[in-house]
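Asks: Chains as they are written, first to last, in the numbering used here: chain A, 417 to 613; chain B, 417 to 613; chain C, 417 to 613; chain D, 417 to 613.
My questions will all concern the structure given below.
Protein chains: 4
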Amino acid sequence: MAGTTDGSTKPVAQRLLATATRLFAEQGYDRTSVQEIVEAAGVTKGALYHYFGSKDDLLHEVYGRVLRLQQERLDRFAGADAPVEQRLRDAAADVVVTTIENLDDTKIFFRSMHQLSPEKDKQVRAERRRYHERFRALIEEGQRTGVFTTEVPADLIVDYHFGSVHHLGTWYREGGPLTPREVADHLADLLLRALRP
Amino acid sequence: MAGTTDGSTKPVAQRLLATATRLFAEQGYDRTSVQEIVEAAGVTKGALYHYFGSKDDLLHEVYGRVLRLQQERLDRFAGADAPVEQRLRDAAADVVVTTIENLDDTKIFFRSMHQLSPEKDKQVRAERRRYHERFRALIEEGQRTGVFTTEVPADLIVDYHFGSVHHLGTWYREGGPLTPREVADHLADLLLRALRP
Amino acid sequence: MAGTTDGSTKPVAQRLLATATRLFAEQGYDRTSVQEIVEAAGVTKGALYHYFGSKDDLLHEVYGRVLRLQQERLDRFAGADAPVEQRLRDAAADVVVTTIENLDDTKIFFRSMHQLSPEKDKQVRAERRRYHERFRALIEEGQRTGVFTTEVPADLIVDYHFGSVHHLGTWYREGGPLTPREVADHLADLLLRALRP
Amino acid sequence: MAGTTDGSTKPVAQRLLATATRLFAEQGYDRTSVQEIVEAAGVTKGALYHYFGSKDDLLHEVYGRVLRLQQERLDRFAGADAPVEQRLRDAAADVVVTTIENLDDTKIFFRSMHQLSPEKDKQVRAERRRYHERFRALIEEGQRTGVFTTEVPADLIVDYHFGSVHHLGTWYREGGPLTPREVADHLADLLLRALRP
DNA sequence: TATGAATGAGGCTTCATTCAT
DNA sequence: AATGAATGAAGCCTCATTCAT
Numbered sequence: 417m418a419g420t421t422d423g424s425t426k427p428v429a430q431r432l433l434a435t436a437t438r439l440f441a442e443q444g445y446d447r448t449s450v451q452e453i454v455e456a457a458g459v460t461k462g463a464l465y466h467y468f469g470s471k472d473d474l475l476h477e478v479y480g481r482v483l484r485l486q487q488e489r490l491d492r493f494a495g496a497d498a499p500v501e502q503r504l505r506d507a508a509a510d511v512v513v514t515t516i517e518n519l520d521d522t523k524i525f526f527r528s529m530h531q532l533s534p535e536k537d538k539q540v541r542a543e544r545r546r547y548h549e550r551f552r553a554l555i556e557e558g559q560r561t562g563v564f565t566t567e568v569p570a571d572l573i574v575d576y577h578f579g580s581v582h583h584l585g586t587w588y589r590e591g592g593p594l595t596p597r598e599v600a601d602h603l604a605d606l607l608l609r610a611l612r613p
Numbered sequence: 417m418a419g420t421t422d423g424s425t426k427p428v429a430q431r432l433l434a435t436a437t438r439l440f441a442e443q444g445y446d447r448t449s450v451q452e453i454v455e456a457a458g459v460t461k462g463a464l465y466h467y468f469g470s471k472d473d474l475l476h477e478v479y480g481r482v483l484r485l486q487q488e489r490l491d492r493f494a495g496a497d498a499p500v501e502q503r504l505r506d507a508a509a510d511v512v513v514t515t516i517e518n519l520d521d522t523k524i525f526f527r528s529m530h531q532l533s534p535e536k537d538k539q540v541r542a543e544r545r546r547y548h549e550r551f552r553a554l555i556e557e558g559q560r561t562g563v564f565t566t567e568v569p570a571d572l573i574v575d576y577h578f579g580s581v582h583h584l585g586t587w588y589r590e591g592g593p594l595t596p597r598e599v600a601d602h603l604a605d606l607l608l609r610a611l612r613p
Numbered sequence: 417m418a419g420t421t422d423g424s425t426k427p428v429a430q431r432l433l434a435t436a437t438r439l440f441a442e443q444g445y446d447r448t449s450v451q452e453i454v455e456a457a458g459v460t461k462g463a464l465y466h467y468f469g470s471k472d473d474l475l476h477e478v479y480g481r482v483l484r485l486q487q488e489r490l491d492r493f494a495g496a497d498a499p500v501e502q503r504l505r506d507a508a509a510d511v512v513v514t515t516i517e518n519l520d521d522t523k524i525f526f527r528s529m530h531q532l533s534p535e536k537d538k539q540v541r542a543e544r545r546r547y548h549e550r551f552r553a554l555i556e557e558g559q560r561t562g563v564f565t566t567e568v569p570a571d572l573i574v575d576y577h578f579g580s581v582h583h584l585g586t587w588y589r590e591g592g593p594l595t596p597r598e599v600a601d602h603l604a605d606l607l608l609r610a611l612r613p
Numbered sequence: 417m418a419g420t421t422d423g424s425t426k427p428v429a430q431r432l433l434a435t436a437t438r439l440f441a442e443q444g445y446d447r448t449s450v451q452e453i454v455e456a457a458g459v460t461k462g463a464l465y466h467y468f469g470s471k472d473d474l475l476h477e478v479y480g481r482v483l484r485l486q487q488e489r490l491d492r493f494a495g496a497d498a499p500v501e502q503r504l505r506d507a508a509a510d511v512v513v514t515t516i517e518n519l520d521d522t523k524i525f526f527r528s529m530h531q532l533s534p535e536k537d538k539q540v541r542a543e544r545r546r547y548h549e550r551f552r553a554l555i556e557e558g559q560r561t562g563v564f565t566t567e568v569p570a571d572l573i574v575d576y577h578f579g580s581v582h583h584l585g586t587w588y589r590e591g592g593p594l595t596p597r598e599v600a601d602h603l604a605d606l607l608l609r610a611l612r613p
């Protein structure tokens, strides 16, 4: 019954991934059944298993996309030609904007990491660590050059900021009083204020 | 068949709650089966359902305990007789210590809230909001009296700090380089630094 | 909490039986749990099992009461000193009135008979048969003496009439357009009309 | 493991429905477990839930079949070209024959209606009422034209007759002294006799 | 490239009954 | 005469995955 001209001609694999992302974010990974995904995407189970090896695979694909995106953006801001305060402020604000713009992915990211298979979990954690270290390096650079306080360990500062990013999925709502950019500027401001010597 | 000296003489209901808390924190709510809980607690399913109406109920009990504990402690610190900076610092540090000391509960809290039944979820969110507002009132007090910056909305500051608390479950490990108290002091320090006018 | 002066001082066993009767009629035997019964009766499970050997026992008691009542009334009407037409009409009408007045029991009777244990089922069927035969004897008497048609076997006539009695539980509602007595008179009239030679 | 020559090549859904019908009639709906049904039909639970949404659904399917069948037959007889006495007699006898020929369905019908979900129960009652009203119209027609007595309300007469139909499941046994046709003729005769003015 | 029927394991929950007190 | 905690079996249903087509 479900023809091939079902209103969407987007490649099946992409449609499945997008649908799965939305449903995982809305209901959680475990609460979303493969049946629901294929129904919402307008395909059948056979099609899903043709493109993805397992439900777990689908989740892993979501992670891959988010990780690549954020790492790439951090690299760009951190490597810019500007004073370290500026580079940190820009990177800190950018991750907030990017997160809000991809809030579904982020909700999944933080809520469902422990639902990956051990092997894939390990891989994701490793990439995650690289990201953390790149950010920390920025802070340590500022501490060495005296523009940031050394009272607080750099690691803790990274976690402090990413805590707030992580938390966005809990409270941020589209159409609220602040635009993504305003939220980003405020949160980056708080970070930089805290780092004043 | 099951003897009375089965390793624990703690009341059954308490043993079930403690076991469930541990397993939910380790594996997530959806990944933990009722079967696992009763086996680990050394009782039968019937016993569990004698004390708790459902698996969801068990989760709700965990929430209730955490919420009551944290609200009570916040009330104590916020209502103390001291300058507002001191009261905020103490409250901010205390929630960190309490969270680390009950890290299992907290992991469950932030990861599984959306797995409560709609009705119970509503109730939990309402109590959570009260907590948030009490904390915000402290910040607004400092803003009115000029000891905290007014550059950043108080609401956002609350979320900033609680983001880092929420995040603790992701990175804090017992036996790490910092004691709970040290982590707490650092995080409270970061908050107060950010609030300097 | 549930004291002994709970509003009802009726003997516990009677209260249990009355409550069970109501619930069985409303929801069916299998759909009514022992827990529901004891809660509605304001006692505990232990009390129920003190008075009744099993849930099945409770059902059997209900049957006993109905059977005794109806047999006794039939005997009275059938043995009266009156022409057979009158005796049959009175008996046929009386069973309708009695049934309506004890509609709960009757609903249970016809719906749940096959849920008795085989042994008790056998016993109930035996008493039921006695009742059927007493009624049939009345019809055969009229057939022998020429006041009732012999076109239709007496057995079938008994089932014809009791079918309508059985059916009352399906459609009769208190407060409907006809009183129990009117319904009874009409149904007895239909029976007698059908028996005219 | 389960071969394809398992004794039956009838489509799985049909086999399940037939098996369920038999078991529901024999043991009652509540007493029949899904496990029993699938074992008797030689399939797995998954297969059952592939075709039917729930156990309740299965029951509802049985109802649908019976209702459609009986309504269709009544329409045919009631709409025939014959005197009203003849049409009523034919319809009344036919429902008896049809009921005996599908005694399993009928047993289920009258015993388990109250075990349907509220929504489905409502639907079944509505179709049932249509049937009742069609039958009543036939009687009212005869009353208006003077061939049937007006002493008894038409509604009550319908219930009188259907009571006896309903009751068939309780006493009719294959191989008894009367054929289905003979039973039907006797019962229709009783009805018409009762209606003589 | 895709279907969808079928599997089999496991999930949560209910329940009549027993028993130490 | 009565409690209520605890049992153990069974009940209905869901699900990720496979496979013949």
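Even for Gly, the Cβ is constructed at its ideal location relative to N, Cα and C.
By DSSP, does D/Asp520 sit in helix, in strand, or in coil?
Replies: Residue mapping note: residue 520 of chain D aligns to position 104 of the fourth sequence, counting from 1. Helix at D/Asp520.
Asks: May I ask you to verify whether the segment 566 to 580 of chain B touches the segment 519 to 539 of chain B, counting CB pairs closer than 8 Å and requiring at least 3?
Replies: These segments do not touch.
Asks: If you draw a straight line from the C-alpha of B/Asp521 to the C-alpha of B/Val482, how long is it?
Replies: On the second sequence, residue 521 of chain B is found 105 positions in, with the first residue counted as 1. On the second sequence, residue 482 of chain B is found 66 positions in, with the first residue counted as 1. Cα to Cα, B/Asp521 sits roughly 7 Å from B/Val482.
Asks: Does the beta carbon of B/Val450 come closer than 8 Å to any beta carbon on chain A?
Replies: To locate residue 450 of chain B, count along the second sequence from 1; it is residue 34. B/Val450 does not count as touching chain A.
Asks: Please list the partners that A/Glu567 has in chain B, where partner means a Cβ-to-Cβ separation under 7 Å.
Replies: To locate residue 567 of chain A, count along the first sequence from 1; it is residue 151. The answer, in chain order, is Asp605.
Asks: Could you list the residues in the segment 433 to 458 of chain B with a C-beta less than 7 Å from some C-beta on chain A, going in chain order?
Replies: Answer in chain order: Gly444, Asp446, Arg447.
Asks: In chain order, what residues of the segment 558 to 582 of chain A put their CB closer than 9 Å to some CB of chain B?
Replies: The residues in question are Thr565, Glu567, Val568, Pro569, Asp571, Leu572, Ile573, Asp575, Tyr576, His577, Phe578, Gly579, Ser580, Val581, His582.
Asks: When the Cα of C/Pro613 is compared with those of C/Leu572, C/Glu567, C/Arg589, which residue comes out closest?
Replies: Within the third sequence, residue 613 of chain C is the residue found at index 197, counting from 1. Checked all of C/Leu572, C/Glu567, C/Arg589; the closest Cα to C/Pro613 is C/Glu567.
Asks: Quick one: grab the DSSP three-state call for B/Pro569.
Replies: Walking along the second sequence from the start, residue 569 of chain B turns up at place 153. If DSSP states are grouped into helix, strand and coil, B/Pro569 belongs with coil.
Asks: Does the beta-carbon distance from A/Ala508 to A/Ala604 come in below 8 Å?
Replies: Walking along the first sequence from the start, residue 508 of chain A turns up at place 92. Walking along the first sequence from the start, residue 604 of chain A turns up at place 188. For A/Ala508 and A/Ala604, yes; Cβs fall inside 8 Å.
Asks: Report buried or exposed for D/Asn595, applying the criterion of at least 16 other Cβ atoms within 10 angstroms of its Cβ.
Replies: In the fourth sequence, residue 595 of chain D corresponds to position 179, counting from 1. One detail in the question is off: residue 595 of chain D reads as Thr in this sequence, not Asn. When all chains shown are included, D/Thr595 counts as exposed.
Asks: Please say whether A/Gly558 and A/Leu490 have beta carbons closer to each other than 8 Å?
Replies: Translated into the one-based positions of the first sequence, residue 490 of chain A becomes position 74. Translated into the one-based positions of the first sequence, residue 558 of chain A becomes position 142. Their beta carbons are not under 8 Å apart, which means A/Leu490 does not touch A/Gly558 by this criterion.
Asks: Where A/Phe551 and A/Ala494 are concerned, what is the direct C-alpha to C-alpha distance, given to the nearest angstrom?
Replies: Along the first sequence, read from residue 1 onward, the residue named residue 551 of chain A stands at position 135. Along the first sequence, read from residue 1 onward, the residue named residue 494 of chain A stands at position 78. Using only the alpha carbons, I get a separation of about 8 Å.
Asks: In chain D, which residues lie less than 8 Å from C/Ala610 when you measure between Cβ atoms?
Replies: The residue given as residue 610 of chain C occupies position 194 in the third sequence. Within chain D, the residues near C/Ala610 are Leu606, Leu607, Arg609, Ala610.
Asks: Would you decide whether D/Glu556 is buried or exposed? Buried here means 16 or more other CB atoms lie within 10 Å of its CB.
Replies: Counting from 1 along the fourth sequence, the entry for residue 556 of chain D is found at position 140. The residue is buried, with at least 16 neighbouring Cβ atoms inside 10 Å.
Asks: Verify whether the separation of the beta carbon atoms of A/Gln531 and B/Arg484 is less than 8 Å.
Replies: As a working mapping, residue 531 of chain A is identified with position 115 in the first sequence. As a working mapping, residue 484 of chain B is identified with position 68 in the second sequence. No. Outside cutoff.
Asks: Per DSSP, what kind of secondary structure is B/Val454 in: helix, strand or coil?
Replies: Mapped onto the second sequence, residue 454 of chain B falls at position 38. B/Val454 falls in the helix class under three-state DSSP.
Asks: Is D/Phe526 helix, strand or coil by DSSP?
Replies: Within the fourth sequence, the letter at position 110 stands for residue 526 of chain D. D/Phe526 falls in the helix class under three-state DSSP.
Asks: As a quick exercise: from D/Pro499, D/Gly458, D/Asp510, pick the residue whose alpha carbon is nearest that of D/Thr561.
Replies: Start at 1 with the first residue of the fourth sequence, and residue 561 of chain D comes out as number 145. Of the listed residues, the one whose Cα sits closest to D/Thr561 is D/Pro499.
Asks: Looking at chain A, which residues of the segment 513 to 541 of chain B have a Cβ within less than 7 Å of any of its Cβ atoms?
Replies: The segment 513 to 541 of chain B vs chain A, Cβ under 7 Å: Arg527, His530, Gln531.
Asks: With distances taken from CA atoms, which of A/Ala600, A/Thr435, A/Thr586 is nearest A/Ala456?
Replies: For the purposes of this step, residue 456 of chain A is taken as residue 40 along the first sequence, with counting starting at 1. Measuring from the Cα of A/Ala456, the nearest candidate turns out to be A/Thr435.
Asks: Output yes or no for whether 8 Å exceeds the beta carbon distance between C/Ala463 and C/Val450.
Replies: Sequence index remark: in the third sequence, residue 463 of chain C carries index 47 (1-based). Sequence index remark: in the third sequence, residue 450 of chain C carries index 34 (1-based). No, these two residues do not count as a Cβ contact at 8 Å.
Asks: Residues of chain D with CB under 8 Å from C/His466, in chain order?
Replies: Your numbering for residue 466 of chain C matches position 50 in the third sequence. By Cβ distance, chain D contributes nothing, its closest Cβ being about 27 Å from C/His466, past 8 Å.
Asks: Terminal residues of the continuous alpha helix (DSSP H) containing A/Gln559?
Replies: Translated into positions along the first sequence, residue 559 of chain A becomes position 143. Per DSSP, A/Gln559 belongs to the alpha helix (DSSP H) from 534 to 560.
Asks: Suppose you measure from the CA of C/Asp506 to the CA of D/Val599; what does that come to, to the nearest Å?
Replies: The residue you call residue 506 of chain C lines up with position 90 of the third sequence. The residue you call residue 599 of chain D lines up with position 183 of the fourth sequence. Their backbone Cα atoms lie some 26 Å apart in a straight line.
Asks: Would you say B/His476 lies against chain A (beta-carbon separation less than 8 Å)?
Replies: Sequence index remark: in the second sequence, residue 476 of chain B carries index 60 (1-based). For B/His476, the answer is no, since every Cβ of chain A falls outside 8 Å of its Cβ.
Asks: How should C/Thr515 be labelled, buried or exposed, when 16 other C-beta atoms within 10 angstroms of its C-beta is the threshold for buried?
Replies: Here the question's residue 515 of chain C lines up with position 99 in the third sequence. So C/Thr515 ends up on the buried side.
Asks: Grab me the residues of C/Leu607's own chain with a C-beta within less than 6 Å of its C-beta, minus the 5 sequence neighbours each way, in chain order.
Replies: Taking the third sequence and counting its residues from 1, the one referred to as residue 607 of chain C is at position 191. Ala508, His577.
Asks: Grab me the residues of D/Pro427's own chain with a C-beta within less than 7 Å of its C-beta, minus the 5 sequence neighbours each way, in chain order.
Replies: In the fourth sequence, the residue the question calls residue 427 of chain D occupies position 11. Hits under 7 Å: none found.
Asks: What is the DSSP secondary structure of C/Glu598, counted as helix, strand or coil?
Replies: As a first step, residue 598 of chain C is located in the third sequence; it is residue number 182 there, counting from the start. Looking at C/Glu598 - three-state DSSP - the assignment turns out to be helix.
Asks: Given this structure, state the Cα-to-Cα distance separating D/Tyr467 from A/Gly480, to the nearest angstrom.
Replies: One-based indexing of the fourth sequence puts residue 467 of chain D at position 51. One-based indexing of the first sequence puts residue 480 of chain A at position 64. If you take the alpha carbons of D/Tyr467 and A/Gly480, they lie about 38 Å apart.
Asks: Who are the Cβ neighbours of D/Ala441 in its own chain at under 7 Å, not counting the five residues just before and after it?
Replies: Reading the fourth sequence from its first residue, position 25 is the one you call residue 441 of chain D. Same-chain partners within the cutoff: Asp520, Lys523, Ile524.
Asks: Going along the chain, which residues of its own chain have a beta-carbon closer than 8 Å to the beta-carbon of B/Val540, five neighbours each way excluded?
Replies: Working through the second sequence from its first residue, we reach residue 540 of chain B at position 124. So the qualifying residues of the chain are His476, Tyr479, Leu483, Met529, Leu532.
Asks: Mind listing, in chain order, the continuous alpha helix (DSSP H) runs of no fewer than 4 residues lying wholly within the segment 437 to 492 of chain A?
Replies: Whole alpha helix (DSSP H) segments, 4+ residues: 450 to 457, 461 to 467.
Asks: Is C/Phe578 helix, strand or coil by DSSP?
Replies: For the purposes of this step, residue 578 of chain C is identified with residue 162 of the third sequence, where counting begins at 1. DSSP places C/Phe578 in helix when its eight states are reduced to three.
Asks: Any idea what DSSP makes of D/Ala377, helix, strand or coil?
Replies: Lying outside 417 to 613, the shown extent of chain D, residue 377 of chain D is not represented and no answer is given.
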